[in-house]
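Chemist: Take a look at this one; I'll ask things after.
So, in structure tokens, the structure goes:
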């Protein structure tokens, strides 16, 4: 990263963009397990220690909703888990529960990384840390109260991270 800093380019580093180490996926299911929280915190801390003098912009997770939905509800992203009734090609899973479990442990992992960064590194490294969200906008189908409430629920679900 030294050369890009010399060139005046400021790196924005994403710690997790849907690529769990295979060993963690096989050992305990990755983000399906609470064990991921400590492992993610340790990984983040290693990155802060090794690259914090060159990186001032940290992103803990890229689009956690997309990862949860695509990987564990629809089976369209790795690891391809979902309910068989939804997609017969899925490699196992439960579309009704796993996306929520994944989301829970993603948020706890994000919080753990942010906490350790703010506590141990932010003051000396003078960087910032956050999360990247994806969202869709929803408009009511009509002006009825029920359609307006449905659109608001959809927005709450998307932005409620």
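Numbering (full-length UniProt numbering), first residue to last: 1 to 161. Beta carbons are placed, not taken as given, at the ideal position from N, Cα and C, and that holds for glycine. Remember, it's a predicted structure, so these values are computed and weren't measured experimentally.
Measuring CA to CA, which of 133, 50, 58 is closest to residue 160?
Modeler: Among 133, 50, 58, the Cα nearest to that of residue 160 is on 133.
Chemist: Give the C-beta separation of residue 105 and residue 34 to the nearest angstrom, bearing in mind that I take them to be a contact with Cβ-Cβ under 8 angstroms.
Modeler: Contact holds; Cβ gap of about 6 angstroms.
Chemist: Taking only the alpha-carbon atoms, compute the straight-line gap between residue 7 and residue 156 and give it to the nearest angstrom.
Modeler: Computed Cα separation, rounded: 41 angstroms.
Chemist: Quick one: using the 10 Å Cβ neighbour count with 16 as the cut-off for buried, is residue 61 buried or exposed?
Modeler: The residue is buried, with at least 16 neighbouring Cβ atoms inside 10 Å.
Chemist: With distance defined between alpha-carbon atoms, name the residue in 29, 49, 74 nearest to residue 65.
Modeler: Comparing Cα positions, the closest option is 74.
Chemist: Check for me: the alpha helix (DSSP H) holding residue 48 runs from which residue to which?
Modeler: Start and end: 35-51.
Chemist: Is the Cβ-Cβ distance between residue 2 and residue 58 less than 8 angstroms?
Modeler: No; because the gap between Cβ atoms is not below 8 angstroms, this pair is not in contact.
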